[in-house]
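Heads up, the thing below is written out as structure tokens.
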Amino acid sequence: MALPFASKKFDIQVQGQPLSKLGLTVIEAEVQYAVNRIPMARLTCQVDIEDPANIWASLSQIDKAWQPAHPVKISYTDETGTRVPIFDGMVARPLNPSYVQRQLTCQLEVVHELQKMANSHRSQVLTQKGEKLTDAQALQKLFKEHGIKVKKMDGMTVSHAQLIQWSCSDWTWLMSRISAYPVWLIGAPEQSVSILKADIGQAPKGLVLKAAKQNAGIELRDMKYRRDSRRLPSQLSVNYWDVTQQKSRSVKAKSPAVGSGVFKPLTYAVSDAMHWTINSGLPLSETEAQSFADARLLGCQLAGTQAEFTVDWSEATAKLAPGQTLELSGYGTFDGKGLIAEVRHQWLGAGQGKTILTTGRPNAVIGLQVPEIDAPLMPRVQGMAPGVVVKPGREKDPTGWGCMAVRVPGLGGKPGQEPPVWVRPGMAYASKGSGLCLYPEADDEVMLAFLSDDPRFPVIVSAVHNPKNKAPFESSEKNEQKGLVLAKDGKTQFQWLFDVKDGGTLTLEAQKTALVLSKASLRLHGEDAFALDAKKITVEAKEGLTLKNGQSEMKMGGTSLSAKSQTLSLQGSAKADLKGGQVNLG
Numbered sequence: 030m031a032l033p034f035a036s037k038k039f040d041i042q043v044q045g046q047p048l049s050k051l052g053l054t055v056i057e058a059e060v061q062y063a064v065n066r067i068p069m070a071r072l073t074c075q076v077d078i079e080d081p082a083n084i085w086a087s088l089s090q091i092d093k094a095w096q097p098a099h100p101v102k103i104s105y106t107d108e109t110g111t112r113v114p115i116f117d118g119m120v121a122r123p124l125n126p127s128y129v130q131r132q133l134t135c136q137l138e139v140v141h142e143l144q145k146m147a148n149s150h151r152s153q154v155l156t157q158k159g160e161k162l163t164d165a166q167a168l169q170k171l172f173k174e175h176g177i178k179v180k181k182m183d184g185m186t187v188s189h190a191q192l193i194q195w196s197c198s199d200w201t202w203l204m205s206r207i208s209a210y211p212v213w214l215i216g217a218p219e220q221s222v223s224i225l226k227a228d229i230g231q232a233p234k235g236l237v238l239k240a241a242k243q244n245a246g247i248e249l250r251d252m253k254y255r256r257d258s259r260r261l262p263s264q265l266s267v268n269y270w271d272v273t274q275q276k277s278r279s280v281k282a283k284s285p286a287v288g289s290g291v292f293k294p295l296t297y298a299v300s301d302a303m304h305w306t307i308n309s310g311l312p313l314s315e316t317e318a319q320s321f322a323d324a325r326l327l328g329c330q331l332a333g334t335q336a337e338f339t340v341d342w343s344e345a346t347a348k349l350a351p352g353q354t355l356e357l358s359g360y361g362t363f364d365g366k367g368l369i370a371e372v373r374h375q376w377l378g379a380g381q382g383k384t385i386l387t388t389g390r391p392n393a394v395i396g397l398q399v400p401e402i403d404a405p406l407m408p409r410v411q412g413m414a415p416g417v418v419v420k421p422g423r424e425k426d427p428t429g430w431g432c433m434a435v436r437v438p439g440l441g442g443k444p445g446q447e448p449p450v451w452v453r454p455g456m457a458y459a460s461k462g463s464g465l466c467l468y469p470e471a472d473d474e475v476m477l478a479f480l481s482d483d484p485r486f487p488v489i490v491s492a493v494h495n496p497k498n499k500a501p502f503e504s505s506e507k508n509e510q511k512g513l514v515l516a517k518d519g520k521t522q523f524q525w526l527f528d529v530k531d532g533g534t535l536t537l538e539a540q541k542t543a544l545v546l547s548k549a550s551l552r553l554h555g556e557d558a559f560a561l562d563a564k565k566i567t568v569e570a571k572e573g574l575t576l577k578n579g580q581s582e583m584k585m586g587g588t589s590l591s592a593k594s595q596t597l598s599l600q601g602s603a604k605a606d607l608k609g610g611q612v613n614l615g
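Next comes the structure, spelled out in structure tokens:
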């Protein structure tokens, strides 16, 4: 069925006003819906010039109406008189006029509300107050913020102790999560979206094309196949880290049910096909690892078989949408049933319109601009990041991995009020029941690294001093002093100092008690009591031993012992013996 733009059945409105009232006549149009892409429409219009003297005044009036974010509706009236939407969206960019050989035309572009997600850039912590969040809940939150209705959402059930968006658009973050599952994001004319599992068994019926032309008036005009087995695995697995069991585990991808016959993946020989392995290294759950593997195999197989079919536009083809089925019958070895990945409607003035249907899709994640097999599960963090340790509160570590709460500057919220991120503290020694446990204090600045650049899995790799939290001693040119100093309320409480100056000393100090070891001596100093308590104590000195308290003194040499005091008392409760080769009394 031809749909001339002059026909009253076809209607385009901007801000509720028909384009014809603005003095515009559509001469070309294209509407595009594709999985995992933002739906869009392009219009080429001719400006009707009644009075050449007022051409720029007329164009200015059109320019005022055609402003970014203004609502646009494209629809037609079917045989029952019902108005059927083809595209509901908003103006994507200002008017772009072209004046050539006294002909004034305009290029107009309309986009789906999903464009709002692409027109953003931020960082945020989606999980709050230590509560776990599924991908479905996170996506519902984002869609709601942008005023986008969700009609249906399959899968997206992985639960996260921590979900973080790091310095990217909402659209880029959305695509990273969509590509982590064997699902498709599909935009609809009424400003809604669906997230559907890519499964031929669950897909709604779309179109059947028969070679005998028994297609209810729908005739196949063009057909193109693009099949390539050079980048197809025989099998695909994902290796991941099971942090709870401290073991590397593996899951094997399940072959997707995306088609039969010519559309069935791997129905032709794959030269030297190998078992592909993705080494993740991330502490994933088995559920997430399985979805990851299934999604990557789906991407590879859809890229291996792509096809394009062109038919005349009709009311029947106007109802086709990505995610529906396309079946071929009577085409010999090219018979089969597949999933529609893209629908494009094109019209040229008063001529015949056409609908182009595409199956399969390029092996790339939209928004990340990388091959799908190499795409990360989250938009990557570039380099390390600073953080400030948060004072422990009522919130408990949702991961159960011994994490600490850290505030990362700029990661959502007002400056200084960012929601905490749960971070694993890196230790020089960490064993079962043992470890070098030097946890940073509240308000300490720390440096964070991220496992595989994934913002969900930060690790404290070091703490750093700064003008607010200064070091207990500064570095020097000779760098002779090193050690551990622990302070409280700005006062040194404990320290363990190495000083290599003049032969070197080791000082152990706690409060006002100190033990100083050097090459020449060992000194123990304390202002309060000192006690040795053991079943047996042996003190041995090669040359001499002196015990002194005030004016009292006891000295022990190699062959002598002397005691001196104003008062000397020797007492034996049962018996006292005094013996010597010569004993002098008095």
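Quick note: the sequence shown, position 122, residue 151 per our numbering, numbers continuous.
C-beta: ideal position from N, C-alpha, C; glycine also.
This one's a predicted model, so the numbers in the text were calculated from it and none came from an experiment.
#1: Under the DSSP definition of a beta bridge, which residues are partnered with CYS329?
#2: Quick one: grab the DSSP three-state call for GLN220.
#3: What's the gap between the Cα of LYS617 and the Cα of ASP472?
#4: Can you tell me which of the three DSSP states GLY464 falls into?
#5: Could you check whether GLY352 and THR225 sit closer than 8 Å to each other, using their CB atoms as the reference points?
#6: If you drop the 5 nearest sequence neighbours on each side, which residues of the same chain put their C-beta closer than 7 Å to that of ASN65?
#7: If we ignore side chains and look at the alpha-carbon of each, how far apart do ASP164 and ALA516 end up?
#8: According to DSSP, what are the bridge partners of PHE338?
#9: Could you spell out the range, first to last residue, of the beta strand (DSSP E) harbouring ASP528?
#10: So VAL340 and ILE247 are supposed to be a Cβ contact under 8 Å. How far apart are they, rounded?
#11: Decide yes or no for the touch test of the segment 379–388 against the segment 451–465: beta carbon pairs closer than 8 Å, at least 3 of them.
#12: Taking three-plus beta-carbon pairs below 8 Å as touching, is the segment 273–291 in contact with the segment 358–376?
#13: Does the Cβ-Cβ distance between GLU447 and LYS158 come in under 8 Å?
#14: Alpha carbon to alpha carbon, how far is ASP271 from VAL490? Give it in angstroms, no decimals.
#15: Identify which residue in LEU537, LEU137, ARG112 and LYS511 has its Cα closest to the Cα of GLN522.
#16: Please classify GLY361: does DSSP put it in a helix, a strand, or coil?
#17: Compute the Euclidean distance between the alpha carbons of GLN595 and GLU582, then round it to the nearest angstrom.
#18: In whole angstroms, give me the CA-to-CA distance for LEU355 and MET433.
#19: Can you find the residues in the same chain that come closer than 7 Å, C-beta to C-beta, to THR296, ignoring five residues on each side of it along the sequence?
#20: To the nearest angstrom, report how far apart GLN75 and LEU53 are at their CA atoms.
#21: Quick check: what's the CA-CA separation for MET303 versus GLN264?
#22: Report the rounded CA-to-CA distance for GLU142 versus PHE116, giving the unit in angstroms.
#23: Helix or strand or just coil, what does DSSP make of ALA86?
#24: Counting Cβ pairs closer than 8 Å, one from the segment 467–484 and one from the segment 172–185, do we hit at least three?
#25: Go to GLU344, then tell me how far its alpha helix (DSSP H) extends in each direction, as first and last residue.
#26: Let me know the secondary structure DSSP gives LEU48 once reduced to three states.
#27: Between GLY416, SER481, LYS461 and LEU465, which lies nearest to TRP451 when the distance is taken from Cα to Cα?
#28: Going by DSSP, which residues form a beta bridge with GLY587?
#29: Could you say which of LEU133, THR201 and VAL475 lies nearest to GLN144 if we only look at CA atoms?
#30: Report the three-state DSSP secondary structure of GLY533 (helix, strand or coil).
#31: Closer than 8 Å is the cut-off here; do at least three beta carbon pairs connect the segment 124–131 with the segment 146–160?
Reading off the structure:
#1: DSSP, once it has assigned bridges, lists no residue as partnering CYS329.
#2: Of the three classes helix, strand and coil, the one that applies to GLN220 here is coil, per DSSP.
#3: Missing from the structure shown is residue 617; the chain here goes from 30 to 615 and no further.
#4: GLY464: strand per DSSP, three-state reduction.
#5: Looking at the sequence itself, residue 225 is Leu, so the reference to Thr does not match. Contact: yes.
#6: Excluding residues within five positions, the ones whose Cβ falls inside 7 Å are MET204, ILE207, TRP213, LEU214 and ILE395.
#7: Distance between ASP164 and ALA516, taken at the CA atoms: about 44 Å.
#8: MET252 and LEU386.
#9: Its beta strand (DSSP E) spans residues 520–528.
#10: About 5 Å separates the two Cβ atoms, so the contact holds.
#11: No, because fewer than three Cβ pairs between the segment 379–388 and the segment 451–465 fall closer than 8 Å, the two stretches do not touch.
#12: Short answer: they touch.
#13: The answer is no: Cβ separation not under 8 Å.
#14: Approximately 21 Å between the Cα atoms of the pair.
#15: Nearest of LEU537, LEU137, ARG112 and LYS511 to GLN522, Cα basis: LEU537.
#16: DSSP places GLY361 in helix when its eight states are reduced to three.
#17: Going by C-alpha positions, GLN595 is about 10 Å away from GLU582.
#18: If you take the alpha carbons of LEU355 and MET433, they lie about 52 Å apart.
#19: In this predicted model, THR296 has a pLDDT of only 48, less than 50, meaning its place in the structure is not dependable enough to derive any value.
#20: In a straight line, the C-alpha of GLN75 is about 6 Å away from that of LEU53.
#21: Approximately 7 Å, taken between the alpha carbons.
#22: Linking GLU142 to PHE116 through their CA atoms gives a straight-line distance of about 11 Å.
#23: The answer is helix: DSSP assigns ALA86 an H, G or I state.
#24: Judged by Cβ distances under 8 Å, the segment 467–484 makes no contact with the segment 172–185, as fewer than three pairs qualify.
#25: First-last of the alpha helix (DSSP H) with GLU344: 344–347.
#26: Here LEU48 sits in helix by DSSP.
#27: Its Cα nearest to that of TRP451, the residue GLY416 stands out among GLY416, SER481, LYS461 and LEU465.
#28: Answer by DSSP bridge pairing: none, since GLY587 is not bridged.
#29: In terms of Cα proximity to GLN144, the closest of LEU133, THR201 and VAL475 is THR201.
#30: Coil.
#31: Counting Cβ pairs under 8 Å, fewer than three are found: no touch.
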